[in-house]
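In this note's numbering, the protein residues as written are 5 to 143.
The C-beta atom is built at its ideal place from N, Cα and C for all residues, glycine as well.
If you're wondering where the values come from, they're calculated on a predicted model, not measured in any experiment.
The structure appears below as structure tokens.
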């Protein structure tokens, strides 16, 4: 699977993340962006027997753009799109664990920071809200 796909056109239902990445010396920015997309979605360092049971292409994160950060040497913004099917409905914990879980300790990067996150309306609608109504929460 390739996780750097600059030709990818984002969908209204994609969760879009912007990461500030500082690659290790010798690591191209596209490879660093792809590594973030892979590590925070379907990528793994080991062979998993269940990989053959489903098409991972449907669930993978895609780094669709890399831009240098103005005024900062060797820093880039990596834009990553995640399909909604990757996440459990109505679970902020699942979403954030998937996107920012263990990717921050990734060896290909010297530094990584989540700069921005766009959550689509389709995913927001899966959250039921407070169990006793908003007024009870406010009181």
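For the beta strand (DSSP E) containing residue 115, name the first residue and the last one. As a position in the chain shown, residue 115 is number 111, starting the count at 1. Its beta strand (DSSP E) spans residues 113–122.
Give me, in chain order, the residues of the same chain whose beta-carbon lies closer than 8 Å to that of residue 17; leave out the 5 immediate sequence neighbours on both sides. Here the question's residue 17 lines up with position 13 in the chain shown. Here the set comprises 87, 88, 124, 126, 127.
Identify, in the order they occur along the chain, each residue of the same chain with its Cβ nearer than 6 Å to the Cβ of residue 31, setting aside the five sequence neighbours on each side. Against the chain shown, residue 31 aligns to sequence position 27. Contacts found: 112.
So, helix, strand or coil for residue 74, using DSSP? Here residue 74 is taken as the residue at index 70 of the chain shown, counted from 1. Reduced to three states, the DSSP call for residue 74 is coil.
Are there 16 or more other CB atoms within 10 angstroms of the CB of residue 72, so buried, or fewer, so exposed? If you number the chain shown from 1, residue 72 lands on position 68. With fewer than 16 other Cβ atoms within 10 Å, it is exposed.
Keeping to the same chain, check which residues put their C-beta closer than 7 Å to that of residue 68; ignore five residues upstream and five downstream. Your numbering for residue 68 matches position 64 in the chain shown. Closer than 7 Å at the Cβ level, and outside the excluded window around residue 68, lie 9, 10, 12, 14, 83, 85.
Distance CB(residue 81)-CB(residue 22) smaller than 9 Å: Against the chain shown, residue 81 aligns to sequence position 77. Against the chain shown, residue 22 aligns to sequence position 18. Going by C-beta atoms, residue 81 is nearer than 9 Å to residue 22.
CB-CB under 6 Å to residue 115, same chain, minus the five flanking residues each way: which ones, in chain order? Position 111 of the chain shown, counting from 1, holds the residue named residue 115. Around residue 115: 26.
Between the CA atoms of residue 140 and residue 70 - distance to the nearest angstrom: To locate residue 70, count along the chain shown from 1; it is residue 66. To locate residue 140, count along the chain shown from 1; it is residue 136. Approximately 45 Å, taken between the alpha carbons.
By Cβ distance, which residues of its chain are closer than 6 Å to residue 93, with the 5 residues on each side in sequence left out? Counting from one through the chain shown, the residue named residue 93 turns up at place 89. The answer, listed in chain order, is 130.
Of the residues 143, 28, 19, 105, the one placed nearest residue 77, counting alpha carbons only: For the purposes of this step, residue 77 is taken as the residue at position 73 of the chain shown. Comparing Cα positions, the closest option is 28.
Taking 9 Å as the cut-off, decide whether the C-beta atoms of residue 24 and residue 132 are in contact. The sequence position of residue 24 within the chain shown is 20, counting from 1. The sequence position of residue 132 within the chain shown is 128, counting from 1. Taking 9 Å as the Cβ cut-off, residue 24 and residue 132 do not qualify as a contacting pair.
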